[in-house]
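Everything below concerns the one structure shown next.
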Amino acid sequence: MKPTIPERNRDLRRYVRWHRFLRLAGYLLWLGIFLLGALSYNNAHQTYPPERLMIGWRLLLWMLIGAASGFFLFRIGQMLTDRSFEGTIVRTRLSRGYTSSKDPGSMSYDFRLHLRLLVRTADGKKRRIRLEQKPGFYIYYYEGSRICHYAGLPYPISNPENHPMPPSREGQTKLPDDLSGGYLCAACGSLNGSLAGGCSDCRHSLIDPKDIWGE
Ligand SMILES: [Zn+2]
Numbered sequence: 021m022k023p024t025i026p027e028r029n030r031d032l033r034r035y036v037r038w039h040r041f042l043r044l045a046g047y048l049l050w051l052g053i054f055l056l057g058a059l060s061y062n063n064a065h066q067t068y069p070p071e072r073l074m075i076g077w078r079l080l081l082w083m084l085i086g087a088a089s090g091f092f093l094f095r096i097g098q099m100l101t102d103r104s105f106e107g108t109i110v111r112t113r114l115s116r117g118y119t120s121s122k123d124p125g126s127m128s129y130d131f132r133l134h135l136r137l138l139v140r141t142a143d144g145k146k147r148r149i150r151l152e153q154k155p156g157f158y159i160y161y162y163e164g165s166r167i168c169h170y171a172g173l174p175y176p177i178s179n180p181e182n183h184p185m186p187p188s189r190e191g192q193t194k195l196p197d198d199l200s201g202g203y204l205c206a207a208c209g210s211l212n213g214s215l216a217g218g219c220s221d222c223r224h225s226l227i228d229p230k231d232i233w234g235e
């Protein structure tokens with residue numbers, strides 16, 4: 021069965037709708053800029069013969085370039101294929117990446133770690149999730165732990181009852197005290213000590229694993 025965001029996390033449903041809308045709106049704006057560019061080119065070169073204007077197949081090709089690049093840029097394909105699912109983490113992997121620094125004064129780059137999860141769902145399918153690595157994830161997303169991913173929410177929820185410990189932590193069956201009962205924010209990936217009051221970072225409500233897996 022496809023999981024849906026719990027009833028009490030309505031703000032997260034809004035979050036998903038809003039981000040889908042933004043991406044779609046951004047994509048349409050991108051296409052509009054391409055069309056406007058072609059039209060203003062034609063307008064500025066009215067004396068040109070028709071074969072040098074942006075009409076017919078040239079306009080079509082130009083718009084196709086815009087559609088393809090925007091599709092990639094706004095990750096429309098990812099948005100269309102993103103599905104909610106529940107499954108077990110089969111493999112975790114770290115990869116690194118660089119993004120330009122948010123600090124406008126510096127010309128440097130931010131170093132980022134990305135976590136790649138390979139998940140096997142109940143019906144045997146394999147799914148891949150890529151998310152930005154945050155503190156505590158090394159123990160939150162663990163090979164063998166069950167997770168629930170909601171389409172449009174970057175960070176899947178992990179079932180705390182199913183956290184097996186690494187072999188070096190023998191005797192332990194749950195998360196260490198500082199993280200057990202920790203609630204992950206599905207929107208920003210922060211770990212919070214309690215459900216009440218929502219995420220201390222972004223104020224979104226936190227999903228209670230009990231709403232997914234029961235008591
Ligand atoms: Zn948050």
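The sequence shown maps to residues 21 to 235 in the working numbering. Don't be surprised by glycine CBs; every beta carbon is placed ideally from N, CA and C. Model, not experiment: these values are computed from the prediction.
Residue span of the alpha helix (DSSP H) that contains residue i, given as start and end
i, result
"Ile232", "229 to 233"
"Ile249", "With the chain covering only 21 through 235, there is no way to say anything about residue 249."
"Ile159", "157 to 160"
CA nearest to the CA of residue i, picked from the options
i, options, result
"Glu27", "Ile227, Gly234, Glu235", "Ile227"
"Thr101", "Ser60, His134, Arg148", "Arg148"
"Ser220", "Gly76, Ala206, Arg33", "Ala206"
"Leu204", "Phe157, Asp130, Trp50, Asp231", "Phe157"
"Arg30", "Gly125, Gly218, Arg136, Tyr161", "Gly218"
Helix, strand or coil at residue i according to DSSP, with G and I counted as helix
i, result
"Arg271", "Since the first residue of the chain shown is 21 and the last is 235, residue 271 is not available in this structure."
"Arg140", "strand"
"Tyr35", "helix"
"Lys194", "Note that Lys194 scores 49 on pLDDT, short of 50, meaning its location in the model is unreliable; the coordinates nonetheless yield the value given after this. Here Lys194 sits in coil by DSSP."
"Ser60", "helix"
"Pro186", "Confidence at Pro186 is low in this model, with a pLDDT of 47, below 50, so the placement of that residue should be treated as unreliable; the coordinate-derived value is given next. In this structure, Pro186 counts as coil in the three-state DSSP scheme."
"Arg78", "helix"
Spatial distance of residue i from residue j (CA atoms)
i, j, result
"Met83", "Gly172", "28 Å"
"Ile167", "Asn179", "6 Å"
"Arg223", "Leu211", "12 Å"
"Ile25", "Ser60", "45 Å"
"Thr141", "Pro69", "59 Å"
N-terminal and C-terminal residue of the beta strand (DSSP E) that residue i is part of
i, result
"Lys146", "146 to 152"
| Considering only residues of the segment 87 to 126, which uninterrupted beta strand (DSSP E) runs meet the minimum length of 3 residues and lie entirely inside it, listed in chain order? | 105 to 120
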